[in-house]
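These notes concern the structure reproduced below.
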Amino acid sequence: MVVGVLILELYIPDSGSLKGKRKEIKSIKDRLRSNFNVSVSEVDNQELWQRSSIGVAVAGSDVSQVKETIDKIESFVERNWAHLLLETRRELMNLGV
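Residue numbers (our numbering): 366 to 462.
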């Protein structure tokens with residue numbers, strides 16, 4: 366089994382409160398879940414109202430399939446939220462199961 370993790374570092378300049386940030390982040394997470402059927406969670410910066418770190422997890426049996434899915438997710442985020450995106454990081458783990 367191969368697990369891929371994509372971390373999205375976001376800056377949300379128009380957010381004036383945690384409530385506004387949560388609304389924007391919920392929209393992003395919901396769209397990623399519905400378009401790619403992946404696990405998505407805010408994994409850091411929960412109490413900062415203009416920053417967010419979102420983790421996306423992809424599991425599969427084939428490395429190339431997981432890489433392709435992560436590439437598609439990253440492209441989707443860049444197309445839709447490039448103005449918010451500060452950085453992306455990815456890691457692939459082969460669990461040998």
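Glycine included, each C-beta is placed from N, C-alpha and C at the ideal position.
Legend entry - CA nearest to the CA of GLU412, picked from SER404, ALA422 and SER380: Taking the sequence shown and counting its residues from 1, one reaches residue 412 at position 47. Selected option, being the one with the closest Cα: SER380.
Legend entry - the ligand ADP heavy atom lying under 6 Å from the CB of LYS388: Judged by which ligands are present, the structure shown has none, so any question about the ligand ADP falls away.
Legend entry - Under the three-state DSSP convention, the category ASP409 falls into: Residue mapping note: residue 409 aligns to position 44 of the sequence shown, counting from 1. Strand, per DSSP.
Legend entry - Same chain only: Cβ atoms within 7 Å of LEU451, ignoring 5 sequence neighbours per side: Numbered from 1 along the sequence shown, position 86 holds the residue referred to as residue 451. Excluding sequence neighbours, LEU451 sits near GLU374, LEU375 and TYR376.
Legend entry - Neighbour-count burial assignment, VAL431, 16 or more Cβ in a 10 Å radius: For the purposes of this step, residue 431 is taken as the residue at position 66 of the sequence shown. Burial call: buried.
Inset, instruction - Using alpha carbons as the reference points, say which of ASN402, ILE393, LEU460 and VAL428 lies closest to GLU443. - result: Residue 443 sits at position 78 when you count from the first residue of the sequence shown. With distances taken between Cα atoms, GLU443 lies closest to ILE393.
Inset, instruction - Take the Cβ of SER406 as the centre, count every other Cβ of all protein chains shown within 10 Å, and call the residue buried at 16 or more, exposed below. - result: On the sequence shown, residue 406 is found 41 positions in, with the first residue counted as 1. Around the beta carbon of SER406, fewer than 16 other beta carbons sit within 10 angstroms, so the residue counts as exposed.
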